[in-house]
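Protein chains in written order, with the numbering used here: chain D, 1 to 212; chain W, 1 to 583.
Next up, the structure:
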């Protein structure tokens with residue numbers, strides 16, 4: 001029983017070890033920042049011409065495709081702090097549960113009318129327990145709003161794939177542990193712009209892909 | 001020539017009537033003019049007053065309406081900014097639009113009807129709709145939640161395009177209710193574009209004023225909503241407003257209209273200038289009946305005052321006419337009397353003048369007729385005296401005859417002179433005459449007369465005393481007086497002559513002793529003869545002639561006294577100017 005368990009474990013780890021070796025790294029050409037970055041970690045959602053994006057611009061690079069959903073997914077959080085959503089842009093895999101803790105001294109009422117996920121958490125205070133949470137079970141872009149603070153915007157990008165990464169402000173990204181095969185690599189830049197490139201992944205190979 | 005009494009009275013009465021008529025015309029004209037001006041002034045004042053009242057009332061009502069619109073717009077702006085409504089439109093969740101809005105507009109929709117005394121502050125929505133990006137109405141899934149509207153009315157909420165600002169409109173539903181519409185744009189928080197519009201229908205403010213009886217309504221899309229008026233009145237008012245609006249009459253305006261048999265003043269004002277909704281006008285109808293009644297009352301008062309004024313004027317004119325015509329009447333009477341007197345005097349004067357002329361002509365003729373034979377007689381007598389073959393007593397008789405003839409000549413000369421004076425033909429050629437000299441000459445002559453009685457002559461004369469006059473007539477005056485003084489003297493009597501200058505005149509007094517002239521005798525009368533016969537009597541011309549001559553010279557002769565054996569005459573003659581030219 002113990003041996004069998006160990007064996008299962010090694011079998012299950014084996015692909016992981018193999019996968020870790022396959023890497024895509026590169027750079028996404030981001031739109032110019034409208035203002036010099038002051039706080040590296042503080043992003044906000046801005047709209048320009050009806051397009052939602054982060055400021056400073058960031059991109060989400062992910063390997064598109066159909067992958068088996070894991071039994072459990074890590075719990076994610078979008079915090080409301082100083083009347084903003086932190087992080088402003090959160091990529092998650094379908095099925096991920098996201099908590100929305102209120103760290104402000106005021107009420108918030110997080111809701112979304114986005115087709116990917118409609119929900120309304122109602123008004124709640126920081127001491128609300130359990131922390132209001134939503135499971136995002138449909139891929140797509142979800143716009144987060146607060147019914148009380150109309151300027152607040154947050155984005156949750158719900159993806160089918162577990163292989164995704166956010167770029168830095170310079171546009172650099174690195175995806176590790178990828179499975180071998182033919183895939184499409186996509187870079188989400190804003191709500192209207194997603195770039196894609198076909199990739200051929202081989203084991204233990206580091207692929208360099210730039211999105212111009 | 002003179003008018004008979006009744007006619008004269010008639011003339012005065014006519015004058016009085018004319019005077020009265022003229023005064024009445026003036027009084028009536030002034031009164032009428034005054035009344036006309038007063039009435040016009042009163043009417044103009046009243047109308048201005050009325051207009052001011054109406055205008056200020058309208059202004060305050062419009063202020064109220066503006067406040068209400070601002071409040072409504074504010075409220076709608078807040079609604080339009082609601083995140084759920086934005087989310088529903090922006091995030092393509094139109095199915096959630098009306099359900100989301102239902103929550104947001106719940107208080108507006110479910111609040112109770114406003115109490116009548118506070119309609120302006122109360123915001124109660126009857127319905128609401130959203131417009132899509134092309135201005136069309138987004139159909140609500142459940143009309144009951146958003147206020148039901150018939151499809152035709154709902155269509156009227158649509159706009160040609162989405163508005164950029166608040167739009168005010170009015171909707172007259174088929175049921176006859178009127179709604180006030182406010183459309184507010186919904187801006188995308190993401191792009192800033194106008195993505196939708198929210199149209200909310202409110203119960204409009206009912207403007208009515210019990211104080212002035214004003215009724216208000218709304219005219220929109222060619223239809224009038226003023227339910228307090230009768231159908232026929234609404235129809236006629238509707239036509240009139242349509243004309244006024246179509247005529248392009250700008251801004252707030254007014255007109256008069258007969259409604260339900262009474263005059264009304266109608267104000268109309270565009271409620272939603274520059275709105276995307278159809279133009280709507282506020283119609284305020286003021287009844288003018290109270291005002292016209294007041295004006296009529298004022299006019300009656302003025303007319304009453306005018307009548308009183310006219311009556312007062314009538315009596316005043318009458319009194320004035322009587323008072324003014326009284327002196328005229330007196331004047332007319334007086335002048336009538338004067339005229340009669342004058343005419344009588346003129347007639348008398350004319351006859352006197354005629355007689356005088358006749359007598360003057362007669363005496364002149366007589367003098368001439370007499371003078372020639374006397375001259376012949378005298379010349380004959382003188383030639384007889386020149387002969388030497390007569391008896392001495394014949395000479396004596398001839399001499400007496402000649403003496404009488406000469407006297408006759410003197411009388412005739414006197415008569416001739418008198419007649420010339422009477423006829424006004426005698427002219428004095430004035431010169432400076434030495435009176436003393438003349439007196440002296442005549443005194444010499446007097447003493448030389450043959451039949452002169454013995455009289456003593458007392459003379460107190462300055463050596464030179466000049467008078468202004470013609471020498472021969474002055475001399476004649478002195479001669480006459482001196483002759484009388486001698487003639488009427490008594491034997492052994494006395495003649496006294498005194499002369500002096502007194503204030504521009506020379507006064508010569510000639511007195512003589514002798515019988516006094518009886519009292520009452522007019523000795524200056526022509527052809528006067530003393531009542532008491534006397535040996536020494538003249539022909540009665542001398543004194544008259546002397547006085548006439550003295551008067552002709554600007555002087556006079558008068559009897560100073562005649563009593564106690566003393567008779568004295570005084571001659572006054574004008575003194576010659578300055579010193580004597582020649583002594």
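Just so you know, even glycine gets a beta-carbon here, dropped at the ideal spot from N, CA and C.
Rounded separation between residue i and residue j - CA only
| i | j | result |
| --- | --- | --- |
| residue 513 of chain W | residue 456 of chain W | 10 Å |
| residue 128 of chain W | residue 137 of chain D | 35 Å |
| residue 123 of chain D | residue 199 of chain D | 45 Å |
| residue 358 of chain W | residue 426 of chain W | 17 Å |
| residue 98 of chain W | residue 92 of chain W | 13 Å |
| residue 144 of chain D | residue 157 of chain D | 11 Å |
| residue 463 of chain W | residue 518 of chain W | 35 Å |
| residue 135 of chain W | residue 194 of chain W | 11 Å |
| residue 193 of chain D | residue 63 of chain W | 52 Å |
| residue 103 of chain W | residue 108 of chain D | 17 Å |
| residue 361 of chain W | residue 563 of chain W | 39 Å |
| residue 348 of chain W | residue 338 of chain W | 15 Å |
| residue 500 of chain W | residue 525 of chain W | 27 Å |
| residue 326 of chain W | residue 11 of chain W | 13 Å |
| residue 31 of chain D | residue 57 of chain D | 7 Å |
| residue 108 of chain W | residue 51 of chain W | 38 Å |
| residue 257 of chain W | residue 45 of chain W | 21 Å |
| residue 65 of chain D | residue 179 of chain D | 11 Å |
| residue 110 of chain D | residue 149 of chain W | 34 Å |
| residue 243 of chain W | residue 56 of chain W | 26 Å |
| residue 61 of chain W | residue 205 of chain W | 10 Å |
Closest Cα partner of residue i within the set the options
| i | options | result |
| --- | --- | --- |
| residue 9 of chain W | W:171, W:317, W:64 and W:332 | W:332 |
| residue 176 of chain W | W:432, W:159 and W:225 | W:225 |
| residue 436 of chain W | W:424, W:238 and W:573 | W:573 |
| residue 223 of chain W | W:107, W:162, W:465 and W:283 | W:283 |
| residue 468 of chain W | W:419, W:384, W:555 and W:397 | W:555 |
| residue 181 of chain D | D:63, D:101 and D:174 | D:63 |
| residue 502 of chain W | W:237, W:570, W:454 and W:351 | W:570 |
| residue 419 of chain W | W:365, W:475 and W:89 | W:365 |
| residue 25 of chain W | W:318, W:254, W:60 and W:138 | W:318 |
| residue 202 of chain D | D:168, D:125 and D:183 | D:183 |
| residue 466 of chain W | W:575, W:495, W:39 and W:444 | W:575 |
| residue 162 of chain D | D:33, D:54 and D:71 | D:71 |
Beta-carbon spacing of residue i, residue j below 8 Å
| i | j | result |
| --- | --- | --- |
| residue 154 of chain D | residue 116 of chain D | no |
| residue 82 of chain D | residue 104 of chain D | yes |
| residue 168 of chain W | residue 79 of chain W | no |
| residue 77 of chain D | residue 60 of chain D | no |
| residue 541 of chain W | residue 478 of chain W | no |
| residue 324 of chain W | residue 417 of chain W | no |
| residue 172 of chain D | residue 69 of chain D | no |
| residue 201 of chain W | residue 81 of chain W | no |
| residue 90 of chain D | residue 190 of chain W | no |
| residue 381 of chain W | residue 408 of chain W | no |
| residue 482 of chain W | residue 446 of chain W | yes |
Three-state class that DSSP yields for residue i in the structure shown
| i | result |
| --- | --- |
| residue 404 of chain W | helix |
| residue 523 of chain W | coil |
| residue 253 of chain W | strand |
| residue 290 of chain W | helix |
| residue 91 of chain D | strand |
| residue 263 of chain W | strand |
| residue 26 of chain D | strand |
| residue 275 of chain W | coil |
| residue 383 of chain W | helix |
| residue 40 of chain D | Reliability fails at residue 40 of chain D, whose pLDDT of 41 lies under 50, so the model's placement of it is uncertain and the value that follows must be treated cautiously. If DSSP states are grouped into helix, strand and coil, residue 40 of chain D belongs with coil. |
| residue 104 of chain W | helix |
| residue 154 of chain D | strand |
| residue 148 of chain D | coil |
| residue 373 of chain W | helix |
| residue 431 of chain W | strand |
| residue 206 of chain D | strand |
is_contact[residue i, chain C] using C-beta, thresh 8 Å
| i | result |
| --- | --- |
| residue 165 of chain W | No chain C appears in this structure, whose protein chains are D and W. |
Problem - beta strand (DSSP E) runs contained entirely in the segment 114 to 163 of chain W, provided each spans 3 or more residues - result: Taking only runs of at least 3 residues, the beta strand (DSSP E) segments lying wholly in the segment 114 to 163 of chain W are 125 to 131.
Handout entry: Any beta strand (DSSP E) of 3 or more consecutive residues that is wholly inside the segment 171 to 241 of chain W
Key = If we require 3 residues or more, the beta strand (DSSP E) runs fully inside the segment 171 to 241 of chain W come out as 178 to 187, 194 to 202, 214 to 220 and 223 to 225.
Practice task
Enumerate, from N- to C-terminal direction, the unbroken alpha helix (DSSP H) stretches of 4 or more residues contained entirely within the segment 304 to 367 of chain W.
Solution key: With a minimum length of 4 residues, no continuous alpha helix (DSSP H) run stays inside the segment 304 to 367 of chain W.
Exercise for the section: Could you tell me which uninterrupted beta strand (DSSP E) segments, each at least 3 residues in length, are contained entirely in the segment 444 to 518 of chain W, listed from first to last along the chain? Expected result: As far as the segment 444 to 518 of chain W is concerned, its whole beta strand (DSSP E) runs of at least 3 residues are 456 to 460, 466 to 469, 494 to 502 and 505 to 513.
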